[in-house]
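Chains as they are written, first to last, in this note's numbering: chain G, 1 to 255; chain D, 1001 to 1192.
Listed below in structure tokens is the structure:
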């Protein structure tokens, strides 16, 4: 009598064997295989007893709150381009621009310097930049860490990291310009360097062989970019405190 | 009116974040279960869930609307978990067993007059042995086993998630079950 192999018994347990009837019949006739199958069933039943913790009543809402915060901004602008809301907003904006133009023409000259002083308050600009850059560095760091820690025997798909790197690159221009405007050369310099690294990632093939992955990892390590981001991130967080007291508006909204 | 997945995906693709919210709220709990079984850690599972939805959102354009959104999302979550488990393994960090505070002890909820194997199977010692045995599996074996055993995917589907041949997926499941059997046979045996 040919006994069932352990593999065949596993397939039988999951209902994926080729000939279920034959396996069933064999199990009825063969005590050895029946014992082995019984042992397999008991072990897998014990595995089933491993509980999953309850993430809480409001879990769905809390996941959405976290996810929503990190959704890429560009998609939010895609949908309602031609809706009436946008048309109305556009008309209102045009009205405001005309009003601003007329006010500028006829308002007394003496009031202007004060208004300009508020608008170009360098301290305010710097605080805004710190909050935004802190968030930006954190997201960049996540992409780089994922790549630095990735491990693959075959080709590794990095298209998700590439998409995020692309989003980050398109965002960084605004931050670099603001850094330039507020005269923060350290932040500007790091953002420029980070930009080159992110561009390097977006231009890589979307599926990396283990050799290419190792090569990319070596390049990241050679540039020490992760270390620089950590240092800058920690500096930014330390300086952010006064900005946090100013309000709850998010970094992206501010910029 | 409640949106079905197909409609919600279609709306989310055109930038409707409220539609995406429906998908997040509908699938987050089952994704958490999958991620917890794969990572063995509540915090990691929560991170995986968030990361999976973000990846899904960015890849919505690539989603084939004829397929099941849930399965596609599971695939993303399984890959996220796999990446995380691999990176942990690579750094030789052992996954901590779930803290006592993270879950209720199921034994406590059993009636005290229920002795026998069920009670034994749910004891914290057994639970720890099972968690330990799961941690001993390689990331691929663990993924293959979780998908086959807990999620009920067939070997063909498991191979698609793992991006390997069905034969290779099957062998990962075999190796996982064999390892679990070796580790857990003593406590699962009726003589105990």
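Virtual Cβ for every residue (Gly too), placed ideally from N, Cα, C.
Out of the options, which has the shortest C-alpha to C-alpha gap to residue i?
i, options, result
"residue 1070 (chain D)", "D:1175, D:1180, D:1016, D:1024", "D:1024"
"residue 141 (chain G)", "G:55, G:23, G:48, G:229", "G:229"
"residue 1142 (chain D)", "D:1161, D:1029, D:1053", "D:1161"
"residue 1017 (chain D)", "G:21, G:70, G:56, G:217", "G:70"
"residue 171 (chain G)", "G:160, G:132, G:143, G:189", "G:132"
"residue 144 (chain G)", "G:160, G:130, G:18, G:178", "G:160"
"residue 1010 (chain D)", "D:1064, D:1035, D:1047", "D:1064"
"residue 1027 (chain D)", "D:1167, D:1042, D:1004", "D:1004"
"residue 1138 (chain D)", "D:1075, D:1180, D:1036", "D:1180"
"residue 1029 (chain D)", "G:190, G:38, G:60", "G:60"
"residue 214 (chain G)", "G:153, G:193, G:173, G:233", "G:153"
"residue 218 (chain G)", "G:201, G:207, G:234", "G:201"
"residue 1081 (chain D)", "D:1043, D:1057, D:1166", "D:1043"
"residue 135 (chain G)", "G:234, G:48, G:2, G:26", "G:234"
"residue 1047 (chain D)", "D:1014, D:1068, D:1083", "D:1083"
"residue 1152 (chain D)", "D:1167, D:1168, D:1086, D:1074", "D:1074"
"residue 1066 (chain D)", "D:1007, D:1171, D:1155", "D:1007"
"residue 25 (chain G)", "G:7, G:193, G:138, G:2", "G:2"
"residue 216 (chain G)", "G:156, G:173, G:232, G:167", "G:156"
"residue 1037 (chain D)", "G:174, G:50, G:163, G:22", "G:50"
"residue 48 (chain G)", "D:1133, D:1056, D:1088", "D:1133"
"residue 137 (chain G)", "G:6, G:181, G:191", "G:191"
"residue 1262 (chain D)", "D:1052, D:1058, D:1086", "The displayed coordinates of chain D run from 1001 to 1192. Any statement about residue 1262 (chain D) would go beyond what the structure contains."
"residue 52 (chain G)", "D:1077, D:1087, D:1169, D:1035", "D:1035"
"residue 204 (chain G)", "G:181, G:180, G:166, G:227", "G:166"
"residue 35 (chain G)", "G:6, G:227, G:193, G:58", "G:6"
Run through DSSP, which three-state label would residue i get?
i, result
"residue 208 (chain G)", "strand"
"residue 71 (chain G)", "coil"
"residue 50 (chain G)", "coil"
"residue 157 (chain G)", "strand"
"residue 1152 (chain D)", "coil"
"residue 57 (chain G)", "coil"
"residue 17 (chain G)", "coil"
"residue 213 (chain G)", "helix"
"residue 134 (chain G)", "helix"
"residue 1041 (chain D)", "coil"
"residue 1070 (chain D)", "helix"
"residue 200 (chain G)", "helix"
"residue 32 (chain G)", "helix"
"residue 946 (chain D)", "As displayed, chain D neither begins before 1001 nor continues past 1192, which places residue 946 (chain D) out of reach and without an answer."
"residue 1059 (chain D)", "coil"
"residue 151 (chain G)", "coil"
"residue 2 (chain G)", "coil"
"residue 1015 (chain D)", "coil"
"residue 224 (chain G)", "coil"
"residue 183 (chain G)", "coil"
"residue 1004 (chain D)", "coil"
"residue 1137 (chain D)", "coil"
"residue 1132 (chain D)", "helix"
"residue 167 (chain G)", "helix"
"residue 1064 (chain D)", "coil"
"residue 967 (chain D)", "The requested residue 967 (chain D) is not part of the displayed model; chain D covers only 1001 to 1192."
"residue 1189 (chain D)", "coil"
"residue 1123 (chain D)", "coil"
My assumption, with CB atoms under 8 Å, is that residue i sits in contact with residue j. Please give the rounded CB distance.
i, j, result
"residue 1199 (chain D)", "residue 1031 (chain D)", "No answer is possible for residue 1199 (chain D): it lies beyond the span of chain D, which begins at 1001 and ends at 1192."
"residue 225 (chain G)", "residue 197 (chain G)", "5 Å"
"residue 1131 (chain D)", "residue 1040 (chain D)", "6 Å"
"residue 40 (chain G)", "residue 9 (chain G)", "6 Å"
"residue 23 (chain G)", "residue 16 (chain G)", "That belief does not hold up - the Cβ atoms of residue 23 (chain G) and residue 16 (chain G) are roughly 11 Å apart, past 8 Å."
"residue 177 (chain G)", "residue 206 (chain G)", "So it is not a contact: roughly 30 Å between Cβ atoms."
Is residue i a contact residue of the ligand COA, with contact defined as CB to any heavy atom under 7 Å?
i, result
"residue 23 (chain G)", "Within the structure as shown, the ligand COA is missing, as the structure has no ligands at all."
Counting Cβ pairs, one atom from each stretch, are 3 or more of them under 8 Å apart for the region 1138-1152 of chain D and the region 1167-1187 of chain D?
-> yes
With a cut-off of 8 Å, do at least 3 Cβ pairs link the region 142-149 of chain G to the region 182-193 of chain G?
-> no
Touching by the beta-carbon criterion (3+ pairs, under 8 Å), the region 26-46 of chain G and the region 1007-1022 of chain D = no
Determine contact between the region 1123-1132 of chain D and the region 1181-1190 of chain D, defined as no fewer than three beta-carbon pairs at a distance below 8 Å.
-> yes
Under 7 Å (Cβ pairs) to chain G, residues found in the region 1175-1186 of chain D | 1177, 1178, 1180, 1181, 1184, 1185
Under 8 Å (Cβ pairs) to chain G, residues found in the region 1055-1075 of chain D = 1055, 1057, 1058, 1059
What residues in the region 168-181 of chain G bring their beta carbon closer than 7 Å to a beta carbon of chain D?
-> none
If you measure beta-carbon to beta-carbon, which residues of the region 1011-1029 of chain D are closer than 7 Å to chain G?
-> 1014, 1015, 1016, 1017, 1021, 1024, 1025, 1028, 1029
If contact means a Cβ-Cβ distance below 7 Å, which residues of the region 1150-1171 of chain D contact chain G?
-> 1154, 1155
When you check each C-beta in the region 55-73 of chain G against every C-beta of chain D, which residues fall closer than 8 Å?
-> 55, 59, 60, 61, 63, 64, 66, 67, 68, 70, 71, 72
What residues from the region 35-46 of chain G come within 8 Å of chain D, judged by C-beta to C-beta, listed N to C?
-> 39, 40, 42, 43, 44, 45, 46
Mind checking the region 180-204 of chain G against chain D and listing, in chain order, the residues whose C-beta falls within less than 7 Å of any C-beta there?
-> none
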